[in-house]
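Read left to right, the sequence shown gives residues -19 to -1, 1 to 286 (mature numbering (1 follows the signal peptide of the UniProt record, and there is no 0)). Cβ coordinates follow ideal geometry from the N, Cα and C atoms, glycine included. All remarks here apply to the structure that follows.
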Amino acid sequence: MKTCIILICLVFSSLWSQTGNTISKNDFNFALQSGYLYSRTDNAYFKNRGAWSFETGFVSFYTEKVPRVTNPDWQERLFLQVPFGFEIFPSDNIALQINSDAIAEFPRHPVLHHSIGGNSPRFRTKIKLLDEKPYVPALALTVGVTFSSAKPFNIWTRRHNYDESNGLAGPGTGVADYLLLITASKHLTTRNFIHARCGLLPMGDPTIGDTSLPFMGSSQADEIPYGISLETNVNDHWTLKNEVAGMYGILESTPMAHYSVFRTQATRTLGTIHLTLNVEKGLTRYSDDWVAGMYVKFDFGATPK
């Protein structure tokens, strides 16, 4: 059953259609366009079978001067996001995660629907590897697929650049981006936890490859998503979390790909509803300067283990 679920997700991704617009590396900020999609952290814990949750909210991303943008009218950037996410636990050892979001970007393009839309859907399967023991952290493996994040998908005119994200199949394929992630979680005390993650994200170089050449590398812009966080349950109603997270490009062909933020979150729990205040500060040149917003999560079904 577990294997079938993973295979269904991967087969579905391979059937997703693609289209594209030409774009060059000189005027495309790869980190700002996709870094925030992969900077949110998770833990290695699981809920009981039958539990599920829905999360939404409102988040704003602000950058005073976007790197490598020379037009002064477009250097200041405000990016607004309304996220949507489901997490389902079909068993005690597996979590299925589905995420997407609606977006609006300013300065606004003269054609309104060129500045608003929604990002491609993201599918993840988190699998338990180890239960936590006195000297061993809980471990989980996450396998994910995102329909090409080379540029945010516009739900009205399909203004994305799928052809410029090479994916795993080689130059110009741009079908999907993939994620492999290891997450570890450990109790430090009864109320204090530490979480860490590291993985690989083969996203494809956001430039057009010369497919006429008989032998050519895939020009992959491989990223390493990383993060470490400290979480404290202050009491039964409040949780505080501080973390550093982001993604780092391991190929020099994409020099703009280091996205990193320091994030502080305060979560108020009201029964099965969780309200999270989120504030972030960019740590690198190619990160958003500031991020602020709120998430609202609704739990259903079984209680946490």
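By the criterion of a C-beta distance shorter than 6 Å, A25 is surrounded in its chain by A119, L120, A121, T164, A165 and S166, once the five residues flanking it on both sides are discounted. V277 is positioned such that its CB atom lies closer than 8 Å to that of L256.
A direct Cα-Cα distance of roughly 9 Å separates W33 from A76.
For H255, the enclosing beta strand (DSSP E) begins and ends at I254 to G263.
When the Cα atoms are used, I84 and F65 turn out to be separated by approximately 11 Å.
In this structure T22 touches G208 by the C-beta definition: roughly 4 Å separates them, less than 8 Å. For S72, the closest C-alpha among the options D217, L221, F27 and W55 is that of F27. Y116 carries a coil assignment under DSSP once its states are collapsed to helix, strand and coil. DSSP places L18 in the helix class (H, G or I) of the three-state scheme.
Taken through DSSP and simplified to helix, strand or coil, P71 comes out as strand. Residue pairing by DSSP puts D203 in a beta bridge opposite P183. Between H168 and E113, the gap from beta carbon to beta carbon is short of 8 Å. Counted as a single uninterrupted DSSP element, the beta strand (DSSP E) harbouring Y229 occupies residues W219 to G230. Per DSSP, reduced to three states, the secondary structure at D270 is coil, with no helix or strand assignment. Counting the other CB atoms within 10 Å of its CB gives L160 a total of 16 or more, which places it among the buried residues. Shown here, P53 sits in a helix according to DSSP, grouped into three states. Within a 10 Å sphere around the beta-carbon of E68 sit 16 or more other beta-carbons, which makes this residue buried.
For F39, the uninterrupted beta strand (DSSP E) run begins and ends at W33 to T44, by DSSP. According to the DSSP assignment, F243 belongs to the beta strand (DSSP E) that extends over Y240 to L251.
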